[in-house]
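All residue numbers for the sequence shown refer to the numbering used here, where the first residue is 9 and numbers rise by one.
All C-beta atoms in this analysis are idealised placements derived from N, C-alpha and C, irrespective of residue type, glycine included.
A quick note: this is a predicted structure, and the numbers were derived from the prediction, not measured.
The next block holds one structure in the form of structure tokens; read it before the comments.
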Amino acid sequence: MADKPLRSQRSYGKLDRDGFIHRSWIKGTGLPEHVFDGRPIIGICNTWSELVTCQVHLRELAEFVKRGVWEAGGVPIEFPAMSLPETQMRPTAMLFRNLLAMEVEESIRANPIDGVVLLGGCDKTTPGQLMGAASVDLPTIVLSSGPQLNGKFRGRDIGSGTDVWRFSEMVRAGEMTLAEFISAEAGMSRSNGVCDTMGTASTMSTTIEAMGLCLPMNGSLPGADSRRKALAHMTGARIVELVRQDIRLSQLLTREAFENGILMHAACGGSTNAVVHLLALAGRVGVPLDLHDFDELAREVPLLVNLMPSGKYLMEEFCYAGGVPAVMRELGSLMRREAMTASGLTIGQIAEQAQVWNREVIGTREAPIGPSSGVWVLRGNLCPDGAIIKPSAATPALLTHRGRAVVFETIEDYHARIDDPDLAVDATSILVLKGCGPKGYPGMPEVGNMALPPKLLRDGVRDMVRISDARMSGTAYGTVILHVAPEAAAGGPLALVRTGDEIALDGPDRKLDLLVDEAELARRRAAWETARRPPAYSRGWYRLYIDTVLQADRGVDLDFLVGKSSADVTRESH
Ligand code: FES
Numbered sequence: 009m010a011d012k013p014l015r016s017q018r019s020y021g022k023l024d025r026d027g028f029i030h031r032s033w034i035k036g037t038g039l040p041e042h043v044f045d046g047r048p049i050i051g052i053c054n055t056w057s058e059l060v061t062c063q064v065h066l067r068e069l070a071e072f073v074k075r076g077v078w079e080a081g082g083v084p085i086e087f088p089a090m091s092l093p094e095t096q097m098r099p100t101a102m103l104f105r106n107l108l109a110m111e112v113e114e115s116i117r118a119n120p121i122d123g124v125v126l127l128g129g130c131d132k133t134t135p136g137q138l139m140g141a142a143s144v145d146l147p148t149i150v151l152s153s154g155p156q157l158n159g160k161f162r163g164r165d166i167g168s169g170t171d172v173w174r175f176s177e178m179v180r181a182g183e184m185t186l187a188e189f190i191s192a193e194a195g196m197s198r199s200n201g202v203c204d205t206m207g208t209a210s211t212m213s214t215t216i217e218a219m220g221l222c223l224p225m226n227g228s229l230p231g232a233d234s235r236r237k238a239l240a241h242m243t244g245a246r247i248v249e250l251v252r253q254d255i256r257l258s259q260l261l262t263r264e265a266f267e268n269g270i271l272m273h274a275a276c277g278g279s280t281n282a283v284v285h286l287l288a289l290a291g292r293v294g295v296p297l298d299l300h301d302f303d304e305l306a307r308e309v310p311l312l313v314n315l316m317p318s319g320k321y322l323m324e325e326f327c328y329a330g331g332v333p334a335v336m337r338e339l340g341s342l343m344r345r346e347a348m349t350a351s352g353l354t355i356g357q358i359a360e361q362a363q364v365w366n367r368e369v370i371g372t373r374e375a376p377i378g379p380s381s382g383v384w385v386l387r388g389n390l391c392p393d394g395a396i397i398k399p400s401a402a403t404p405a406l407l408t409h410r411g412r413a414v415v416f417e418t419i420e421d422y423h424a425r426i427d428d429p430d431l432a433v434d435a436t437s438i439l440v441l442k443g444c445g446p447k448g449y450p451g452m453p454e455v456g457n458m459a460l461p462p463k464l465l466r467d468g469v470r471d472m473v474r475i476s477d478a479r480m481s482g483t484a485y486g487t488v489i490l491h492v493a494p495e496a497a498a499g500g501p502l503a504l505v506r507t508g509d510e511i512a513l514d515g516p517d518r519k520l521d522l523l524v525d526e527a528e529l530a531r532r533r534a535a536w537e538t539a540r541r542p543p544a545y546s547r548g549w550y551r552l553y554i555d556t557v558l559q560a561d562r563g564v565d566l567d568f569l570v571g572k573s574s575a576d577v578t579r580e581s582h
């Protein structure tokens, strides 16, 4: 037991009027006198909601966390946090990641708890909860929703998101009827849990497992698997021990932990969204991390995991093949093996105990599933502060390409013209979409993998180079350049691109250039400045967000949220 008095005792341990008030109003929830004898109070921060299948089972899972907390001698107290259902929120769940982070940060800081279990799922909840918790820095552990069981349609497995994009293109190309398309919906999402592909939710849960922020197998055990309930129980027991040993989040969130996360991200062919989330999290704890770390660290890492969208299988098979510990074993000496984890074991100790059960799903470094699979970080006059592309999801022949831009000034402009049979576009064109960055949309939505023109789809074209300041779903694929920084709405060079301009992509050399001379660009910039209008939003969260959000290369956090405020609040409420 750490010598330090428990934080909760500052409220529940006082034998005066203030202590009466703190104890009485929580005894009203059904807690007996004897549990206020100095036991750790464990908050369970739960993003449960009925708005999406990813999080609908979290109330039940919380009950198993509570069993573990009680068993280990702690007192569990569950509290809610906004759920951020990825597929339901407009204009994009990403607009609210930082709002969740603020809610979690202040909920943890303001309440008399000693440690916290972050119980969540879906794309933005894991990073949002972790960012908030990191700025408080109490002992913290993550329990994720777990992935859905494999989607099913007409006798075969279908993947969340990945097959939506595929089916949608087939409908646009006249290869699938609308009735067939709609009949696939229920089979795709047929159980509780997050998307069953290596989309953003599973990317984040596997990445944070390699960062040591949860118990082993948290990243891949299905939401419907009874072993996830047992994992919840063990997670509840473990957080009590973390409090007793006063092991705080900042002791786990080291530079080595981030490096392990990036290595795992590359080995899994993880979502490009992890880049902004890890950058934002690093900013909260003050770990030096920049865009180039993702490219540099991943160069030696081949694709080891055969999961959609980069591969063939789904999260259920990944779990049965051994999950994250098995991949850590295959990564071997590349992993920072001494890094400590929330389990009390080092990364190296977890890897040593792991085994691979299916070589179709988890390859070796000598016989990988594919070549290097992290993200490439591009530079050039079109993206002075960087842009990214996921080569494992791209068409290899398009990774070095020159073409003429077909520009869409907004997402509405894109929707209005992309189906036009007279649109001047061919397979060599580069589709350019503006106004979809953090400030411009606002919220940086997942629209970067814009659908191709139907007339080209009918001709058999299945991929084109696409460039935007948007993100794309972790389940998506294609030769898609994302996160262009600065974004168009912030005056980045992307704002100056016009239809017909030539653009050169040299992926292997990490270059992205707009081939327009400087004098012409200066003229266009002057015209852009003159035409510039104030943001359309004058109040509320949107206004605060647009005024303070950082660009993609800084993780899209709000500028005043970077860093920590600590867990200390000295003043009483009454
Ligand atoms: Fe929630 Fe994919 S929609 S994880």
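heavy atom of the ligand FES below 7 Å from residue i C-beta
i	result
VAL172	no
SER168	yes
VAL150	no
GLY136	no
GLY227	no
GLY443	no
ASP301	no
THR100	no
CYS327	no
GLY154	no
THR95	yes
GLY207	yes
GLY129	yes
CYS62	yes
VAL455	no
VAL202	yes
Residues that DSSP places opposite residue i in a beta bridge
i	result
THR408	ASP514
LEU7	Within the shown structure, residues of the chain are numbered from 9 to 582, placing residue 7 beyond reach of any answer.
VAL440	VAL415, ILE475
ILE149	VAL125
ASP521	ALA512
ASP165	LYS160
TYR321	LEU315
VAL332	None; VAL332 has no bridge partner.
LEU490	ILE396
PRO155	VAL202
Whole-angstrom C-beta distance between residue j and residue i, which should lie under 8 Å
i	j	result
GLY123	VAL251	4 Å
ALA560	PRO446	7 Å
LEU502	LYS442	6 Å
THR100	GLU360	Going by Cβ atoms, the distance from THR100 to GLU360 rounds to 41 Å, so no, they are not a contact pair.
PRO626	ALA401	There is simply no residue 626 to check, as the chain begins at 9 and stops at 582 in what is shown.
GLY624	THR211	Shown here, the chain extends from 9 to 582; a query on residue 624 therefore has no answer.
Neighbourhood of residue i by C-beta, 8 Å cutoff - its chain only, sequence neighbours within 5 removed
i	result
VAL414	LEU431, ALA432, VAL433, SER437, ILE438, LEU439, VAL440, THR507
SER518	Going by the sequence as given, residue 518 is Arg instead of Ser. Closer than 8 Å at Cβ, skipping near neighbours: ASP303, TRP384, VAL385, LEU386, ARG387.
LEU126	CYS53, VAL112, THR134, GLN137, LEU138, ALA141, THR148, ILE149, VAL150, LEU151
LEU504	LEU522, VAL524, LEU529, ARG532, ARG533, TRP536
GLU249	ALA80, GLY352
PRO310	ALA275, GLY371, ARG373, PRO376, ILE377, GLY378, PRO379, SER380, SER381
VAL577	ARG117, ALA118
ARG256	ASP145, LEU146, PRO147, THR148
Contacting residues, own chain, Cβ-Cβ under 6 Å from residue i (five flanking each side not counted)
i	result
HIS300	VAL385
VAL570	GLY291
SER258	ASP145, VAL293
ARG344	GLU264, GLU267, ASN268
GLY500	PRO494
ASN314	LYS320, TYR321, VAL369, ILE377
ALA181	LEU465, ARG466
HIS30	SER19, TYR20
MET225	GLY331
7 Å Cβ shell around residue i - same chain, five flanking residues per side excluded
i	result
LEU59	SER91, PRO93, GLN96
ALA329	VAL364, TRP365, ASN366, VAL369, ILE370
TRP549	LEU107
THR372	GLU338
ALA70	ILE52, ASN54, GLU86, LEU127
GLY451	PRO99, THR100, MET102, LEU103
- With a floor of 4 residues, list each alpha helix (DSSP H) that falls wholly inside the segment 225 to 270, ordered by position along the chain. If we require 4 residues or more, the alpha helix (DSSP H) runs fully inside the segment 225 to 270 come out as 234 to 252, 257 to 260.
- In chain order, which continuous runs of the alpha helix (DSSP H) of length 4 or greater are located wholly inside the segment 335 to 394? Within the segment 335 to 394, the complete alpha helix (DSSP H) runs of at least 4 residues are 355 to 360.
- If you scan the segment 52 to 93 from start to end, which runs of the alpha helix (DSSP H) of 4 or more residues do you find wholly inside it? As far as the segment 52 to 93 is concerned, its whole alpha helix (DSSP H) runs of at least 4 residues are 66 to 79.
- 4-residue-minimum alpha helix (DSSP H) runs that sit fully inside the segment 25 to 53, ordered along the chain: Runs found: 25 to 35.
- Message: Please give the ranges of any beta strand (DSSP E) in the segment 514 to 576, keeping only runs that are unbroken, at least 3 residues long and fully inside the region.
- Response: List check, beta strand (DSSP E) in window: 519 to 522.
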